[in-house]
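Heads up: the sequence shown begins at 583 in the numbering used here, then just goes up one per residue.
Ideal placement from N, C-alpha and C gives every residue a C-beta, glycine not left out.
Nothing here was measured: the structure is a model prediction, and the numbers come from that model.
These notes concern the structure reproduced below.
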Amino acid sequence: MAEHKTGPKMMNTEDAQRFNAIAKTALAPVNPIVARQITDICGITEGIAIDIGSGPGHLAIEVAGRTGLRIFALDLSPAMHPIITENIRNAGLSERITPMTGDVTQLPCPDASADLVFSKGSAFFWDDLTAAFREIQRVLQPGGKAFIGGGFGNAATLAAVRETMDTIDPTWHDSVKTRLGQETADRFRDALERAGIHDYEILHDPWQLWVCFKKEEAP
583 MAEHKTGPKM MNTEDAQRFN AIAKTALAPV NPIVARQITD ICGITEGIAI DIGSGPGHLA
643 IEVAGRTGLR IFALDLSPAM HPIITENIRN AGLSERITPM TGDVTQLPCP DASADLVFSK
703 GSAFFWDDLT AAFREIQRVL QPGGKAFIGG GFGNAATLAA VRETMDTIDP TWHDSVKTRL
763 GQETADRFRD ALERAGIHDY EILHDPWQLW VCFKKEEAP
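Following this line, the structure appears as structure tokens:
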């Protein structure tokens, strides 16, 4: 995970620790809502899941708590590994969630190995969205689903989070509006089409932008 203070790209140890602290406090209301969205919309509660751009692992922990999924939590930054490992251990989920370091365009996973792939907040920073979507499609097994993008569940949660985040980073809300804007939605749509994924749904509101798609089962 990491862009500036609160967004993805490669993080050093200090960035990773800061992001974890913010995720545990200002952003804490978001993950339970998003976990519920993922499970309600995708309807997959058993099997193997991959959380791409997992950061400190709070979303993976929430999803594990709502399902019987075995989750592989992948992040680009090696500095995040000890942090997510500790968070998973503290949640009592070390046997259910496995941290991994890697890139979305080269997932360290076999073909057709995942029932569910999800990612919150990371896709806005992927350099090659088309390659990323192709790779996600590769690791999904037939009938598997992906839920990729970012959001806050509803307008009220975004407003509540903004109150705190504005004191941490005054530019935060402007960055969120850009990430969740129409230009980004169009970029996601173009990348999906270029990746050969034509059967998808885009959920787009001022508080969220998600793409959902399913790998078709063989006839």
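Please report the Cβ distance between S701 and G763, rounded to the nearest whole angstrom; I am assuming they are in contact, meaning their Cβ atoms lie under 8 Å.
In fact, because the Cβ distance is near 18 Å, the residues do not count as touching under 8 Å.
Ordered along the chain, which non-local residues of its own chain (more than five positions away) have a Cβ less than 7 Å from that of V793?
Closer than 7 Å at the Cβ level, and outside the excluded window around V793, lie I730, G731, F770, L774, Y782 and I784.
Return yes when the Cβ of A642 is within less than 7 Å of the Cβ of I679, no when it is not.
Yes. Within cutoff.
Out of N672, G674, G684 and P664, which one is the CA nearest neighbour of L658?
Of the listed residues, the one whose Cα sits closest to L658 is G684.
How would you label R602, buried or exposed, when you count the other beta carbons within 10 angstroms and need 16 or more for buried?
In the sequence as displayed, the identity of residue 602 is Asn instead of Arg. Burial call: buried.
Below 8 Å CB to CB, which residues in the same chain sit around P690 once its five sequence neighbours on both sides are set aside?
Within the same chain, P690 has close Cβ partners L656, M682 and G684.
Need the endpoints of the alpha helix (DSSP H) that P660 sits in, please.
That residue, P660, is in no alpha helix (DSSP H); it is neither H nor E in DSSP.
Since A631 and D697 should fall inside the 8 Å C-beta cutoff, what is the C-beta to C-beta distance between them, to a whole number of angstroms?
Contact flag correct, Cβ pair sits at about 7 Å.
Please list the terminal residues of the continuous alpha helix (DSSP H) segment that includes F770.
Counting along the chain, the alpha helix (DSSP H) containing F770 begins and ends at Q764 to R776.
Where do the N-terminal and C-terminal ends of the alpha helix (DSSP H) with P724 fall, by residue?
No alpha helix (DSSP H) contains P724, which is instead part of the beta strand (DSSP E) from L722 to G733.
Mind pulling the beta strand (DSSP E) runs of 3 or more residues that sit fully within the stretch 679 to 719?
Counting only runs of 3 or more, we get 679 to 683 and 696 to 702.
CB P803 to CB N613, shorter than 7 Å?
No answer is possible for residue 803: the residues shown for the chain start at 583 and end at 801.
Can you list the alpha helix (DSSP H) stretches of 4 or more residues lying completely in the stretch 608 to 650, in chain order?
Those alpha helix (DSSP H) runs which fall completely within the stretch 608 to 650 and span 4+ residues are 612 to 624 and 640 to 648.
Would you report the Cα separation of R600 and T649, rounded to the nearest angstrom?
Rounded to whole angstroms, R600 to T649 spans 29 Å at the Cα level.
Between which two residues does the alpha helix (DSSP H) carrying E811 extend?
As shown, the chain starts at 583 and ends at 801. That puts residue 811 outside it, with no answer to give.
For H786, count neighbouring Cβ atoms within 10 angstroms of its own Cβ and tell me buried if that reaches 16, exposed if not.
Buried, because 16 or more other Cβ atoms sit within 10 Å of the Cβ of H786.
With a threshold of 16 other CB atoms inside 10 Å of the CB of S704, please say whether the residue is buried or exposed.
Per the 10 Å Cβ criterion, buried.
Taking the straight line between their C-alpha atoms, what separation do you get for T627 and L722?
Their backbone Cα atoms lie some 15 Å apart in a straight line.
Assuming F706 and T766 form a contact by the criterion Cβ under 8 Å, report the distance between their Cβ atoms to the nearest whole angstrom.
With a Cβ gap of about 7 Å, F706 and T766 count as contacting.
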